[in-house]
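There are 2 protein chains.
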Amino acid sequence: MFSIGELSRRTKVKVPTIRYYETVGLLTAPERTEGNQRRYDQAGLERLSFIKHARDLGFSIEAISSLIELQDHPDRSCQAATDIATAQLSDVRAKIKKLRALEKELLRIANGCDGDGVPEDCYVLASLANHDLCQQEH
Amino acid sequence: MFSIGELSRRTKVKVPTIRYYETVGLLTAPERTEGNQRRYDQAGLERLSFIKHARDLGFSIEAISSLIELQDHPDRSCQAATDIATAQLSDVRAKIKKLRALEKELLRIANGCDGDGVPEDCYVLASLANHDLCQQEH
DNA sequence: CATAGTATCTCTAGCGACTAGAGGTTCAAG
DNA sequence: CTTGAACCTCTAGTCGCTAGAGATACTATG
Numbered sequence: 012m013f014s015i016g017e018l019s020r021r022t023k024v025k026v027p028t029i030r031y032y033e034t035v036g037l038l039t040a041p042e043r044t045e046g047n048q049r050r051y052d053q054a055g056l057e058r059l060s061f062i063k064h065a066r067d068l069g070f071s072i073e074a075i076s077s078l079i080e081l082q083d084h085p086d087r088s089c090q091a092a093t094d095i096a097t098a099q100l101s102d103v104r105a106k107i108k109k110l111r112a113l114e115k116e117l118l119r120i121a122n123g124c125d126g127d128g129v130p131e132d133c134y135v136l137a138s139l140a141n142h143d144l145c146q147q148e149h
Numbered sequence: 012m013f014s015i016g017e018l019s020r021r022t023k024v025k026v027p028t029i030r031y032y033e034t035v036g037l038l039t040a041p042e043r044t045e046g047n048q049r050r051y052d053q054a055g056l057e058r059l060s061f062i063k064h065a066r067d068l069g070f071s072i073e074a075i076s077s078l079i080e081l082q083d084h085p086d087r088s089c090q091a092a093t094d095i096a097t098a099q100l101s102d103v104r105a106k107i108k109k110l111r112a113l114e115k116e117l118l119r120i121a122n123g124c125d126g127d128g129v130p131e132d133c134y135v136l137a138s139l140a141n142h143d144l145c146q147q148e149h
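Quick mapping for you: the protein sequence lines, in order, are chains A and B.
Residue numbers for the first sequence, in this note's numbering: 12 to 149.
Residue numbers for the second sequence, in this note's numbering: 12 to 149.
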């Protein structure tokens, strides 16, 4: 049995964030001491580690809730969990695609202007003002 | 002179968002009709187009404010604008890098489990529970 | 056993960048 | 002149936390 601070140290999740996860139902309320302080056990540690890992991978709180529900109900198929992970993968890929386009465009914009001259001639500002100068969609 | 709805249609920025930009100082308050409705001119359209384009490229409201200030004060050097664009480029690149690592990991996780079996054996859930299974940092 | 200092508690408010809704007014077409 | 769409302001909600206030509890040392 350990305190919220200890749990925070072990999982690298900040204390207020742990309490936040409890309020939104991601973590079940743990036992309390006489003095009303939270005391966690191994199960609590494992669940928070799971959440942390999933958050690091960009899963939403909602998606994580679904995954936890699947953990807690082993009678349901694994397909649902795979679906969630696959959806997350598509999401990540879509973001990458969009960012790569932005990267190209920003590179062009940032390099077009060598930093000399006054803003009225600045390529950065001109490019932002006029979408037609862009080389691709975004 | 045209209404906020017309401006919205032309720029593809939603009406409440336009009003929001005004409250946070990105757009200067336009003229009003007798009946208190906003009326925009060409200058307003151009400024909003600039903002829209910059937002699409991921610039923050704050960064856009700085860029607009540079537009309005042509006596300042273009270097500042280039710096902002370059910072945005670094930001985008950092995000891409992180997402690519996530993509790899998610691909591994999502493919590890073929969807058969119950959650207690599910590779998705096992991978999320145990960070040690991961192939790289994230 | 007293005290000091850290950790914890709850509660509320704030962040960015909008979005949604209520309840009321104005505009433009017929 | 009436209808209905578009507009107005205001407040509150979204997501995933983060920060702060003010009060209480735990723990280590004298």
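From the three backbone atoms N, C-alpha and C, an ideal C-beta is built for every residue, glycine too.
Per-residue DSSP class, three states only, for residue i
i              : result
K42 (chain B)  : One point to set straight first is that residue 42 (chain B) is Glu, not Lys, in the sequence displayed. Residue state, collapsed to three classes: strand.
H84 (chain A)  : coil
F61 (chain A)  : helix
S101 (chain B) : helix
S19 (chain A)  : helix
S138 (chain B) : helix
L78 (chain B)  : helix
K25 (chain B)  : coil
L37 (chain B)  : coil
L113 (chain A) : helix
L118 (chain A) : helix
L144 (chain A) : helix
L56 (chain A)  : helix
Cβ-Cβ distance between residue i and residue j below 8 Å
i              : j              : result
L68 (chain B)  : Q99 (chain B)  : yes
Y65 (chain B)  : L81 (chain B)  : Correcting the residue type first, residue 65 (chain B) is Ala in the shown sequence and not Tyr. For A65 (chain B) and L81 (chain B), no; Cβs fall outside 8 Å.
A121 (chain A) : T93 (chain B)  : yes
L56 (chain A)  : T22 (chain A)  : yes
E114 (chain B) : R104 (chain A) : yes
R43 (chain B)  : I15 (chain B)  : no
I72 (chain A)  : I107 (chain B) : no
Residues bridged to residue i [DSSP beta-bridge criterion]
i             : result
R30 (chain A) : Answer is none; R30 (chain A) lacks a bridge partner.
F13 (chain A) : A:Y51
Cβ of residue i within 8 Å of any chain B Cβ
i             : result
I15 (chain A) : no
V24 (chain A) : no
D81 (chain A) : One point to set straight first is that residue 81 (chain A) is Leu, not Asp, in the sequence displayed. At least one chain B Cβ lies under 8 Å of L81 (chain A).
CB contact check: residue i to chain A, cutoff 8 Å
i              : result
L78 (chain B)  : yes
G55 (chain B)  : no
L139 (chain B) : yes
L136 (chain B) : yes
Quiz item: Which residues, in order along the stretch 66–77 of chain A, keep a beta-carbon less than 7 Å from a beta-carbon of chain B?
Solution: D67, L68 and G69
Quiz prompt | Interface residues of the stretch 101–126 of chain B facing chain A [CB-CB below 7 Å] | solution = V103, R104, K106, I107, L110, R111, L113, E114, E116, L117, L118, I120, A121, C124 and G126
Practice problem: Residues of the stretch 23–51 of chain A with a CB closer than 9 Å to any CB of chain B: list them in chain order, please. | Solution: none
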